[in-house]
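Asker:
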Amino acid sequence: MDYAEHVVDLVGNTPLVKLNSLADGLSPLVLAKVEYLNPGGSVKDRIALRMVEAAEASGELRPGGTIVEPTSGNTGVGLAMVAQRKGYQCVFVCPDKVSEDKRNVLKAYGARVVVCPTAVPPEHPDSYYSVSDRLVAEIDGAWKPNQYANPENPASHYHSTGPELWRQTDGRITHFVAGVGTGGTISGAGRYLKEISDGRVKVIGADPEGSVYSGGTGRPYLVEGVGEDFWPQTYDRSIADEIIAVSDAESFAVTRRLALEEGLLVGGSCGMAVAAALRLAKRLGPQDVVVVLLPDGGRGYLGKVFNDQWMSAYGFLPADSSDATVGDVL
Ligand code: PMP
Numbered sequence: 001m002d003y004a005e006h007v008v009d010l011v012g013n014t015p016l017v018k019l020n021s022l023a024d025g026l027s028p029l030v031l032a033k034v035e036y037l038n039p040g041g042s043v044k045d046r047i048a049l050r051m052v053e054a055a056e057a058s059g060e061l062r063p064g065g066t067i068v069e070p071t072s073g074n075t076g077v078g079l080a081m082v083a084q085r086k087g088y089q090c091v092f093v094c095p096d097k098v099s100e101d102k103r104n105v106l107k108a109y110g111a112r113v114v115v116c117p118t119a120v121p122p123e124h125p126d127s128y129y130s131v132s133d134r135l136v137a138e139i140d141g142a143w144k145p146n147q148y149a150n151p152e153n154p155a156s157h158y159h160s161t162g163p164e165l166w167r168q169t170d171g172r173i174t175h176f177v178a179g180v181g182t183g184g185t186i187s188g189a190g191r192y193l194k195e196i197s198d199g200r201v202k203v204i205g206a207d208p209e210g211s212v213y214s215g216g217t218g219r220p221y222l223v224e225g226v227g228e229d230f231w232p233q234t235y236d237r238s239i240a241d242e243i244i245a246v247s248d249a250e251s252f253a254v255t256r257r258l259a260l261e262e263g264l265l266v267g268g269s270c271g272m273a274v275a276a277a278l279r280l281a282k283r284l285g286p287q288d289v290v291v292v293l294l295p296d297g298g299r300g301y302l303g304k305v306f307n308d309q310w311m312s313a314y315g316f317l318p319a320d321s322s323d324a325t326v327g328d329v330l
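When we follow UniProt numbering, the leftmost residue of the sequence shown carries the number 1, and every step to the right adds one.
#1: Can you tell me which of L79, T118 and E195 puts its alpha carbon nearest to the alpha carbon of Y109?
#2: Cutting at 7 Å between CB atoms, please list the residues of its own chain near V120, excluding the five before and the five after it.
#3: According to DSSP, is T169 part of a helix, a strand, or is it coil?
#4: Answer with buried or exposed for T118, where buried requires no fewer than 16 other C-beta atoms within 10 angstroms of its C-beta.
#5: Which value, in whole angstroms, describes the spacing of the CA atoms of L222 and M1?
#6: Name the DSSP beta bridge partners of L16, please?
#7: With a cut-off of 8 Å on the beta carbons, I'd call K33 and L165 a contact; round off their distance for me.
#8: If you scan the stretch 217–277 from start to end, which runs of the beta strand (DSSP E) of 3 or more residues do you find wholly inside it?
#9: At what residues does the beta strand (DSSP E) containing K86 begin and finish?
#10: Please say whether E56 and L294 have beta carbons closer to each other than 9 Å?
#11: How long is the line joining the alpha carbons of C270 and P318, rounded to whole angstroms?
#12: Taking its Cβ as the centre, do 16 or more other Cβ atoms sit within 10 Å of F230, making it buried, or is it exposed?
#13: Let me make sure I understand the geometry here. Which of Y3, V274 and P39 has the alpha-carbon closest to that of R256?
#14: Following a CB-centred definition, is A277 positioned closer than 8 Å to any heavy atom of the ligand PMP?
#15: In the DSSP output, what is E69 paired with across the bridge?
#16: From the DSSP output, in three-state form, read off A142 for me.
#17: Quick check: does the Cβ of A48 come within less than 8 Å of any heavy atom belonging to the ligand PMP?
#18: Does the distance from the CB of R179 to the CB of N153 come in under 9 Å?
#19: Exposed or buried, which one is Q287 when buried takes at least 16 other CB atoms within 10 Å?
#20: Is residue 341 near the ligand PMP, in the sense that its beta carbon is under 8 Å from a heavy atom of that ligand?
#21: Taking the C-alpha atoms as reference points, what is the distance between E58 and V52?
#22: If you count every other CB in all the chains shown that lies within 10 Å of the CB of N38, and 16 or more means buried, which is it?
#23: If I follow the unbroken beta strand (DSSP E) through D207, where does it start and stop?
#24: Would you check if the distance between the CB atom of V246 and the CB atom of E209 is smaller than 9 Å?
#25: Can you check whether the CB of Y235 is closer than 9 Å to the CB of I186?
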């Protein structure tokens, strides 16, 4: 019989798939690493598992303890899943702009969700930051993973994502492309690939236009999970050889093409990363092997990038577009 002992044993070892239609006419082989096939549905399962196990080993997280983190996204799902299996409580603090669907996913795993007003400054006692700090202080046995500063975040990618990419490509990977949020993925997997290849593998960050990584100030953009308005401790500035900035419009257009033409229903940051990978691949040759990491699936974005009204409202589709024209528009 072939089965896993626990769902957490299924984290990682995600497959690579060739991009056919989108990479048509380009010389290099372009491969996508499909992180939505992790059991919690995103790349963040990797960091959740490693941060929790490191905190158990150091004694920061004790049996029956409570994980408190200000997150509503993929990291929350990963933490909630790992906590459920390992018998910890979870309290997530999120701003009120977070959709009910997202909150319900966290609750489904048994997590508590505390909602805070968006329209208050960070120093306000009701802000998302103040409330999470207060909960950590008040709850007995509380532990805050702090994904933006926790070295186990990049370490998880150094020890899992990086070696998987090297093994899966028989050491033939020449370029690794990943979106940058906390920077954990690019810093950890990128460092591993540079070390094992003696610097031969080039590492390319993809960033929303306006974010600090590509020289912006943090101007708002709509792609979720990537880009920042500050420099997190988890981002190692010495790893990326290049950062490619991608507009929301291009990110969302490529995201839709991934579903339409490749059968990959993925999130907007995947379209952003693939847009950067395709731009890069145009300058490369037939010996090159480009791997682009796709962080999550598209189900969480059905009301946004996959919704024609939403896309039209932001000017990403003509206002009169109907379902029948989606493919044509792109
Ligand atoms: N895409 C999505 C959807 C994410 O949730 C994240 C994590 N914030 C990223 C990309 C970027 O990954 P990292 O934090 O490792 O830089």
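All C-beta atoms, glycine included, are put in the ideal place defined by N, C-alpha and C.
As the structure is a computational prediction, the values presented were derived from the model and not from experiment.
Answerer: According to the data block:
#1: In the sequence shown, residue 109 corresponds to position 109, counting from 1. Here the closest residue by C-alpha is L79.
#2: Within the sequence shown, residue 120 is the residue found at index 120, counting from 1. Around V120: D126 and S127.
#3: Residue mapping note: residue 169 aligns to position 169 of the sequence shown, counting from 1. Three-state result, T169: coil.
#4: Numbered from its first residue, the sequence shown carries residue 118 at position 118. Under a 10 Å Cβ-count criterion, T118 is classified as exposed, with fewer than 16 other Cβ atoms of the shown protein chains found around its own Cβ.
#5: In the sequence shown, counting from the first residue as 1, residue 222 sits at position 222. In the sequence shown, counting from the first residue as 1, residue 1 sits at position 1. So the two alpha carbons sit approximately 45 Å from each other.
#6: As a working mapping, residue 16 is identified with position 16 in the sequence shown. Residue pairing from DSSP places L16 in a beta bridge opposite K33.
#7: Start at 1 with the first residue of the sequence shown, and residue 33 comes out as number 33. Start at 1 with the first residue of the sequence shown, and residue 165 comes out as number 165. So it is a contact: roughly 7 Å between Cβ atoms.
#8: Listed in chain order, the complete beta strand (DSSP E) runs (minimum 3 residues) inside the stretch 217–277 are 242–246.
#9: Position 86 of the sequence shown, counted from the start, is the residue given in the question as residue 86. Per DSSP, K86 lies in no beta strand (DSSP E) segment; the continuous alpha helix (DSSP H) that holds it begins and ends at N74 to K86.
#10: Start at 1 with the first residue of the sequence shown, and residue 294 comes out as number 294. Start at 1 with the first residue of the sequence shown, and residue 56 comes out as number 56. In this structure, E56 does not lie closer than 9 Å to L294 by Cβ.
#11: Taking the first residue of the sequence shown as position 1, residue 270 is located at position 270. Taking the first residue of the sequence shown as position 1, residue 318 is located at position 318. Roughly 23 Å separates the two Cα atoms.
#12: By one-based count along the sequence shown, residue 230 stands at place 230. So F230 counts as exposed.
#13: Reading the sequence shown from its first residue, position 256 is the one you call residue 256. The residue with the shortest Cα to Cα distance from R256 is V274.
#14: Stepping through the sequence shown from its first residue, residue 277 is reached at position 277. False, no ligand heavy atom lies under 8 Å from that Cβ.
#15: Locating residue 69 in the sequence shown gives position 69, counting from the first residue. The beta-bridge partner set that DSSP reports for E69 consists of F92.
#16: Walking along the sequence shown from the start, residue 142 turns up at place 142. Correct three-state label for A142: strand.
#17: For the purposes of this step, residue 48 is taken as residue 48 along the sequence shown, with counting starting at 1. No - the ligand PMP has no heavy atom lying nearer than 8 Å to the Cβ of A48.
#18: Locating residue 179 in the sequence shown gives position 179, counting from the first residue. Locating residue 153 in the sequence shown gives position 153, counting from the first residue. Reading off the sequence shown, one finds Gly at residue 179, where the question assumed Arg. Not in contact: G179 and N153 (Cβ atoms no closer than 9 Å).
#19: Taking the sequence shown and counting its residues from 1, one reaches residue 287 at position 287. By the beta-carbon neighbour count (other beta carbons within 10 angstroms, threshold 16), Q287 is exposed.
#20: There is no way to answer for residue 341, as the model of the chain reaches only from 1 to 330.
#21: Your numbering for residue 58 matches position 58 in the sequence shown. Your numbering for residue 52 matches position 52 in the sequence shown. For the sequence presented, residue 58 should be read as Ser rather than Glu. Here the alpha carbon of S58 sits roughly 10 Å from the alpha carbon of V52.
#22: Within the sequence shown, residue 38 is the residue found at index 38, counting from 1. Answer is buried; the Cβ neighbour count reaches 16.
#23: Indexing the sequence shown from 1 puts residue 207 at position 207. Taken as a continuous stretch (DSSP letters only), the beta strand (DSSP E) holding D207 covers K202 to P208.
#24: Here residue 246 corresponds to residue number 246 of the sequence shown, with the count starting at 1. Here residue 209 corresponds to residue number 209 of the sequence shown, with the count starting at 1. Closer than 9 Å, so yes.
#25: Numbered from its first residue, the sequence shown carries residue 186 at position 186. Numbered from its first residue, the sequence shown carries residue 235 at position 235. Yes, the pair counts as a contact, with Cβ atoms nearer than the cut-off.
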